[in-house]
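*Asks:* Numbers given in the working numbering equal positions in the sequence shown, counted from 1, plus 23.
One structure is given below, represented as structure tokens, and several questions about it will come after.
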Amino acid sequence: MWEKKRVLITVKAYPEHSRRHGDVVCTAGITDEGEFIRLYPINTRIYFGEGKIKKYDWIEVECKKATDEKLNRKESYRVREESIRIIDRSLSVYKRKAPWAERNKIILDKVSPSISYLQNAFKEGRTSLGLIKAKEILDFYTKEELMTPPEAKHYQGNLFDDSKIPVIDNIPHIFAYKFFCEGCFGPEPCNKNGKYHNIMCEDWEIFEAYRNFWKRCSNTEELWRMLYDKMFSFMKERDLYFFMGMHSLQPTWLIIGLYYPDLNSDILPKDNSFRTLDQWM
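The structure is reproduced here in structure tokens:
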């Protein structure tokens, strides 16, 4: 049965092509009841153009529990796409500084103790979404040589206006983080013998940085320096958390989104370049 929910959008994973639904985005968020939710499928056209859905928008949507998933993930809901409506942009649209303090009130209440905790929650109740604190990030890297981002070769019409949006290119999912979570330092550490987590990152924000930085670079070495500086050096100066999501076909956790408020959300940081990433999405 379809039900109406209000959801704060917190994650947009990089789009994928579905034979059944076309180019779609797996979207995650937090309901006004404080529960994680996964909304799928949402066509990429919803995320382009003047009225696009942005991260930290509140939306209203009609959805129903997914019943056809291989892993029966607890938070997965199918979407009636035409029902999606933006109802509040106070956490996504801003003039001077991102409203991290207000976002924190909703999002940081959802932090789990560790990745081990999430693994147990999946075994016990099919929990497949979570937020963990990146206690220490050790590296951001690519699993293969960085290539020039593909250019959009053709476009499709947007159903909501006369604009054109690029058909999504298949970019290799090669970005990953090495890190310790909070649970790695507890009495029963996630990874014994001091071993770190090594997890793929599917956040659309990173792929957009990859595309946008390339416009200012002359070679892939320069592109990588810019990416590494933003996704590693810059993130080490933030209060970094990872949104975690379970793969749809196998019980493997992925980083599906980054959450990186100021260490002090009441002070405007000297380097405002993070706003560029925030506003892309």
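Note that CB positions come from ideal geometry on N, CA and C, so glycine has one too.
State yes or no: is the C-beta of I138 within less than 8 Å of the C-beta of T33?
*Replies:* Along the sequence shown, read from residue 1 onward, the residue named residue 138 stands at position 115. Along the sequence shown, read from residue 1 onward, the residue named residue 33 stands at position 10. For I138 and T33, no; Cβs fall outside 8 Å.
*Asks:* Hey, could you find the ends of the alpha helix (DSSP H) L250 is sitting in?
*Replies:* The residue you call residue 250 lines up with position 227 of the sequence shown. First-last of the alpha helix (DSSP H) with L250: 243 to 251.
*Asks:* In whole angstroms, what is the alpha-carbon distance linking N242 and T50?
*Replies:* Position 219 of the sequence shown, counted from the start, is the residue given in the question as residue 242. Position 27 of the sequence shown, counted from the start, is the residue given in the question as residue 50. Each residue's alpha carbon lies about 32 Å from the other.
*Asks:* Across the stretch 268 to 281 and the stretch 146 to 155, are there enough close Cβ pairs to call them in contact, namely three or more that are closer than 8 Å?
*Replies:* yes
*Asks:* Could you pull out every unbroken beta strand (DSSP E) segment of at least 3 residues lying fully inside the stretch 110 to 178, listed in chain order?
*Replies:* If one requires a minimum length of 3 residues, the beta strand (DSSP E) runs lying completely within the stretch 110 to 178 are 152 to 165, in chain order.
*Asks:* Could you pull the DSSP bridge partners for A36 from this structure?
*Replies:* As a working mapping, residue 36 is identified with position 13 in the sequence shown. Answer by DSSP bridge pairing, in chain order: D226.
*Asks:* DSSP state of K218, grouped into three classes?
*Replies:* Start at 1 with the first residue of the sequence shown, and residue 218 comes out as number 195. If DSSP states are grouped into helix, strand and coil, K218 belongs with coil.
*Asks:* Which residue wins for smallest C-alpha separation from Y87, given the options K75, W81, I60, I69?
*Replies:* Counted from its first residue, the sequence shown places residue 87 at position 64. For clarity, residue 87 is Lys in the given sequence; the question names Tyr instead. Of K75, W81, I60, I69, the residue nearest in Cα terms is I60.
*Asks:* Quick check: the Cα distance between E83 and V30, rounded to an integer number of angstroms?
*Replies:* Sequence index remark: in the sequence shown, residue 83 carries index 60 (1-based). Sequence index remark: in the sequence shown, residue 30 carries index 7 (1-based). Each residue's alpha carbon lies about 6 Å from the other.
*Asks:* How many Å lie between Y117 and C207 at the Cα?
*Replies:* Locating residue 117 in the sequence shown gives position 94, where the first residue counts as 1. Locating residue 207 in the sequence shown gives position 184, where the first residue counts as 1. In this model, Y117 and C207 are separated by some 36 Å (Cα to Cα).
*Asks:* Give the single residue among N235, R119, K201 whose Cα lies nearest to the Cα of C224.
*Replies:* Reading the sequence shown from its first residue, position 201 is the one you call residue 224. Closest option to C224, Cα to Cα, is K201.
*Asks:* So Y37 and L154 are in contact, right, with Cβ under 8 Å, and what is the actual spacing, rounded?
*Replies:* Here residue 37 corresponds to residue number 14 of the sequence shown, with the count starting at 1. Here residue 154 corresponds to residue number 131 of the sequence shown, with the count starting at 1. Not confirmed; about 19 Å, so no contact.
*Asks:* Could you compute how far the alpha carbon of H270 sits from the alpha carbon of N287?
*Replies:* Numbered from 1 along the sequence shown, position 247 holds the residue referred to as residue 270. Numbered from 1 along the sequence shown, position 264 holds the residue referred to as residue 287. Roughly 33 Å between the two C-alpha positions.
*Asks:* Could you give the C-beta distance for I65 and E104, rounded to a whole number, given that I count them as a contact under 8 Å?
*Replies:* The residue you call residue 65 lines up with position 42 of the sequence shown. The residue you call residue 104 lines up with position 81 of the sequence shown. Correct: roughly 6 Å between the Cβ atoms.
*Asks:* Please go through the same chain and pick out, in chain order, the residues whose beta-carbon is closer than 7 Å to the beta-carbon of R112, but skip the five residues on each side of it.
*Replies:* Indexing the sequence shown from 1 puts residue 112 at position 89. Hits under 7 Å: D80.
*Asks:* Measure the alpha-carbon distance for W123 versus D285 and round it to whole angstroms.
*Replies:* Stepping through the sequence shown from its first residue, residue 123 is reached at position 100. Stepping through the sequence shown from its first residue, residue 285 is reached at position 262. Near 7 Å, if we compare the C-alpha coordinates of D285 and W123.
*Asks:* Checking 8 Å against the spacing of the C-beta atoms, do I53 and I107 come in under that value?
*Replies:* As a position in the sequence shown, residue 53 is number 30, starting the count at 1. As a position in the sequence shown, residue 107 is number 84, starting the count at 1. No, these two residues do not count as a Cβ contact at 8 Å.
*Asks:* Name the one or two DSSP bridge partners that R61 has.
*Replies:* Sequence index remark: in the sequence shown, residue 61 carries index 38 (1-based). Per DSSP, A51, S99.
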